[in-house]
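Some notes on the structure that comes next.
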Amino acid sequence: MKARHYALAAALLAGSIGAGTATMRLAHGQPAGTKGGADEGKRVFMRANCMGCHKWHGGGGGGYGGDALSLRNTQLDQEQIVETVSCGRPGTGMPHFTRDAYDQNDRCFGLTKKDLGDNVPPEPQIFLRPNEIEAVANYVVTHLKGKGEPTLPECLDFFGEGSRVCNVLKMNEESGGGAQAPSPSGQGHGG
Ligand code: HEC
Numbered sequence: 286m287k288a289r290h291y292a293l294a295a296a297l298l299a300g301s302i303g304a305g306t307a308t309m310r311l312a313h314g315q316p317a318g319t320k321g322g323a324d325e326g327k328r329v330f331m332r333a334n335c336m337g338c339h340k341w342h343g344g345g346g347g348g349y350g351g352d353a354l355s356l357r358n359t360q361l362d363q364e365q366i367v368e369t370v371s372c373g374r375p376g377t378g379m380p381h382f383t384r385d386a387y388d389q390n391d392r393c394f395g396l397t398k399k400d401l402g403d404n405v406p407p408e409p410q411i412f413l414r415p416n417e418i419e420a421v422a423n424y425v426v427t428h429l430k431g432k433g434e435p436t437l438p439e440c441l442d443f444f445g446e447g448s449r450v451c452n453v454l455k456m457n458e459e460s461g462g463g464a465q466a467p468s469p470s471g472q473g474h475g476g
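Here it is as C-alpha cells:
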C-alpha cells in the first residue's frame, strides 16, 4: 500500500501530472489485471464523489443531493447498479454519470432530456467512462452491499491506518461495543 502510494507520488513529482496519469500508474508497477478491480472501484467511488452523498461506507442518508439510499442495503445486482450509475434516477438527486445518457432515447430507459423535463437526473461533478462505472459497481457489490453496520477495520481500510476520520468509530467500539472485551487503554497507539 505505502510502497504504491510512494511510487505514485514519485511519478507525480517526476512531472507527469495531467494527461498521462493513468498510463503512469500502470507503468509504475500496478499489477496488470487489477483494472476494474476493487482498487480502481474505490478510486472511482472517491473521485466521482459517490461518498459525498452515500458516505464512505455507502450507508447513505441525508445530505446535499437529498436522501441517498443505502448501498449496504441495496437489493440491486451488479448490472442494475451499472444502469443506475450510468443513467441516474429520474426525479431524484442521483446523478447520471454517463455524459450522453439522455441525449438520445437508446441509452437510458428509452428516455431523453426532452421527455423528462424537470425530472432529468442532475449532472455529476465528473462524468465516468463505462469501465469506470463497471469498476465502481463492482466495488459496491463486493465491499458495501449486504454489509451490516460500518466497522472500524472497514474504516481504517478505507482511509488508511491512523486516519482521524475513524476516531468516531474507535470511540464507539471502546465505550459502547466493548462490554466483554476490556480495551487496552494505557497505550493509545499499537503499531
Ligand atoms: C449528489 C448526490 C449523489 C451522488 C454524487 C451519488 N448518488 Fe447514488 N443516489 C443518490 C440518491 C439521492 C439516491 C436515491 C435515489 C432514489 O430515491 O431512488 C441514490 C441512489 C443510488 C443507487 C440505487 C440504490 C438502490 O438500492 O436503489 C445506487 C446503486 C447509487 N446511488 C450508486 C451511486 C454511485 C456508485 C455513485 C458514484 C459513482 C453515486 N451513487 C453518486 C445520490 C447520489
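Residues in the sequence shown are numbered consecutively from 286, following my numbering.
Ideal placement from N, C-alpha and C gives every residue a C-beta, glycine not left out.
Model, not experiment: these values are computed from the prediction.
Residue i, buried or exposed, once every other Cβ within 10 Å from all chains shown has been counted against 16
i           : result
residue 327 : buried
residue 456 : exposed
residue 398 : exposed
residue 357 : buried
residue 373 : buried
residue 434 : exposed
Same chain, Cβ closer than 8 Å to residue i, five either side skipped, listed in chain order
i           : result
residue 333 : 382, 409, 410, 411, 413, 417, 421
residue 388 : 397, 398
residue 384 : 412
residue 431 : 357
Straight-line gap, residue i to residue j (C-alpha atoms, nearest Å)
i           : j           : result
residue 379 : residue 407 : 7 Å
residue 445 : residue 439 : 10 Å
residue 335 : residue 454 : 21 Å
residue 344 : residue 391 : 32 Å
residue 352 : residue 451 : 23 Å
residue 401 : residue 375 : 7 Å
residue 386 : residue 403 : 15 Å
residue 405 : residue 393 : 11 Å
residue 359 : residue 441 : 23 Å
residue 329 : residue 458 : 29 Å
residue 346 : residue 429 : 15 Å
residue 395 : residue 436 : 40 Å
residue 415 : residue 448 : 32 Å
residue 362 : residue 369 : 10 Å
Own chain, CB closer than 6 Å to residue i, minus 5 neighbours either side, in chain order
i           : result
residue 377 : none
residue 367 : 418, 422
residue 443 : 341
residue 325 : 420
residue 425 : 356, 366
residue 339 : 345, 353, 356
Simplified DSSP assignment, three categories, for residue i
i           : result
residue 420 : helix
residue 433 : coil
residue 426 : helix
residue 371 : helix
residue 336 : helix
residue 411 : coil
residue 451 : helix
residue 378 : coil
residue 358 : coil
residue 392 : coil
residue 445 : coil
residue 329 : helix
residue 400 : helix
residue 385 : coil
Residues bridged to residue i [DSSP beta-bridge criterion]
i           : result
residue 346 : 353
Beta-carbon contacts of residue i that lie in its chain and below 7 Å, excluding the five residues immediately before and after
i           : result
residue 364 : none
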